[in-house]
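S.K.: For the sequence shown, position 141 (counting from the first letter as 1) is numbered 140 according to numbering that gives the first Met the number 0, and the numbering increases by one without interruption. Heads up, the beta-carbon is just placed ideally off N, CA and C, and yes, glycines get one too. For clarity, every value in this text was computed on a predicted model and none was experimentally measured.
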Amino acid sequence: MSVTSPTVVSIVVPTYNEQEDITRTVESLLALKYPHKEIIIVDDSTDATPTILERYRTRGVQIYREKHAGGRCGARNLGIRMARGDVVVILNADVCPEPDFLDRVLAHYRSGAEYLIVGNRVANIEYLFPRYLDAVHNRDVDLSRYEWTEGFSCKREAALTVGLFPVDTPLPYCGGEDVIFGQKLRENFRRAVDGSIVVPHHSPARFTEFWANRRQRGWGSPVFKYFCLRQGLLWIVIVAVGKTAINVLRIGLGLPASIRAYRTASYSNRGLMDCVPFLIVDGIETVAMTIGEWAGIIDVFRYRKWPELRTDKWLLDGKS
0 MSVTSPTVVS
10 IVVPTYNEQE
20 DITRTVESLL
30 ALKYPHKEII
40 IVDDSTDATP
50 TILERYRTRG
60 VQIYREKHAG
70 GRCGARNLGI
80 RMARGDVVVI
90 LNADVCPEPD
100 FLDRVLAHYR
110 SGAEYLIVGN
120 RVANIEYLFP
130 RYLDAVHNRD
140 VDLSRYEWTE
150 GFSCKREAAL
160 TVGLFPVDTP
170 LPYCGGEDVI
180 FGQKLRENFR
190 RAVDGSIVVP
200 HHSPARFTEF
210 WANRRQRGWG
220 SPVFKYFCLR
230 QGLLWIVIVA
240 VGKTAINVLR
250 IGLGLPASIR
260 AYRTASYSNR
270 GLMDCVPFLI
280 VDGIETVAMT
290 IGEWAGIIDV
300 FRYRKWPELR
310 TDKWLLDGKS
C-alpha cells in the first residue's frame, strides 16, 4: 500500500519597510494549523524590518535580503523560485490569515484546482481610512471577475509555466502586475473561487499613510499602461485629462460625490453615520490619486525622453 506524501505549502511574503506590520503578520503565519508549510520572506527594507525578521530565523522562517530585486514582482519571483512546496501562497506583509486558512485552501487543490481566488476584508475598521477602503471593497467586490486578491495561491509549476510576474520594465510598477499574472494563469490552468475564505489585512490608518498609498496607486496606473499594456503616452495623457476634468466636476458640484459617499456608507459597519466622513475621504483619495497619476505620467515621459536620468532611488516600489 502506497503512502501519499503530504502537500507542502510555501508562503511567500515580499517586504519593504513593514516594521509596523511584519511582527503581526509573521506571528499569524506561524500560528497556521497546517504543519507542512514553509515561510519565505524576501526583504528589501531600509527601516527596522530586517532587525525584526532576524528574530524569526530560529523559528524556521526563511529570510532573503535582496537589494533592488525588481520591486515587489522580483521579490515574489525569487520567493517562488526558492520554494519547495507544490502550492505557493503569495501574501502581502499586512495580512493576518485565520489559523485554518491553509487547510481550507488545500481542499480546493485536492479537488483539482490549479489556482485559487479567495475573499478579503480590512481588519482595522475602527479607523476611518481603513473603514472607507473596506466599504469600497464591499461595494465593488465581484470575485468572479477578479484575477487576484489577498491570499492568492497557485500551483508552483503553474507559476513557473506562465513566466512568473513581469519584471522587464524600467519603472517597477505596483498594481496591475498581479492581474497580468492571473490572466496568464486563467488562459492555461483550472481556476477556483471561494469567497467564504476571507483573509484579513490592515490598511493605512493615518492620513499620511493613506495619502501615500492612494498617490502610489495613481502613480502606478500610467506606468502600468505604458510599460505593460503598451498604450501610447499620448493616449494615456488624453485619458488622464478626461479623468481629471470629471473629478474636478464631481468634487466641485458636490452632488455626484455625495451620492457616491451615501452609497459607500451603506456598506460600512457604521452605516449612514459615515456618509459625511466618507465624502471627505473620497475627496482626499481622488486628489491623491490624480496627483499620483500625473506624477506617473511625468516619470514615464522622463524615462522615455531621457533614459540616462534613471537613478536607483526610483527603484523603491515606484516611488519618485
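1) Tell me Pro13's beta-bridge partners as DSSP assigns them.
2) With a threshold of 7 angstroms on Cβ separation, who are the neighbours of Asp20 within its own chain once the five nearest residues in sequence on each side are excluded?
3) Assign His107 to one of two classes, buried (16 or more other C-beta atoms within 10 Å of its C-beta) or exposed (fewer than that).
4) Considering only residues of the same chain and omitting the five flanking positions on each side of Asn187, which have a CB-CB separation below 8 angstroms?
5) Just verifying my parser: in three-state terms, what is the DSSP assignment at Pro5?
6) For the segment 52-86, which segments carrying the beta strand (DSSP E) assignment without a break, of at least 3 residues, lie completely within its bounds, in sequence order?
7) Can you name the residues that DSSP bridges to Phe151?
8) Below 8 angstroms CB to CB, which residues in the same chain sit around Val334 once its five sequence neighbours on both sides are set aside?
9) Below 8 angstroms on the Cβ atoms is my guess for Ile38 versus Ala82; work out the distance and round it to an integer in Å.
10) At which residues does the beta strand (DSSP E) containing Ile116 begin and terminate?
11) In terms of residues, what are the limits of the beta strand (DSSP E) holding Ala191?
12) From what residue to what residue does the alpha helix (DSSP H) around Cys274 run?
13) Going by C-alpha to C-alpha distance, which of Gln61, His136, Arg229 and Leu271 sits closest to Gly118?
14) With DSSP collapsed to three states, give me the class of Lys36.
M.R.: Taking the definition as stated:
1) Val41
2) Ala92, Asp93 and His201
3) The C-beta of His107 has 16 or more other C-beta atoms within 10 Å across all chains shown, which makes the residue buried.
4) Within the same chain, Cβ atoms closer than 8 angstroms to the Cβ of Asn187 are found at Ala157, Thr160 and Val161, the five residues on either side in sequence being excluded.
5) coil
6) 61-64
7) Ile89
8) Missing from the structure shown is residue 334; the chain here goes from 0 to 319 and no further.
9) Incorrect: roughly 10 angstroms between the Cβ atoms, too far for contact.
10) Start and end: Tyr114 to Val121.
11) First-last of the beta strand (DSSP E) with Ala191: Arg190 to His200.
12) Cys274 to Lys304
13) His136
14) strand
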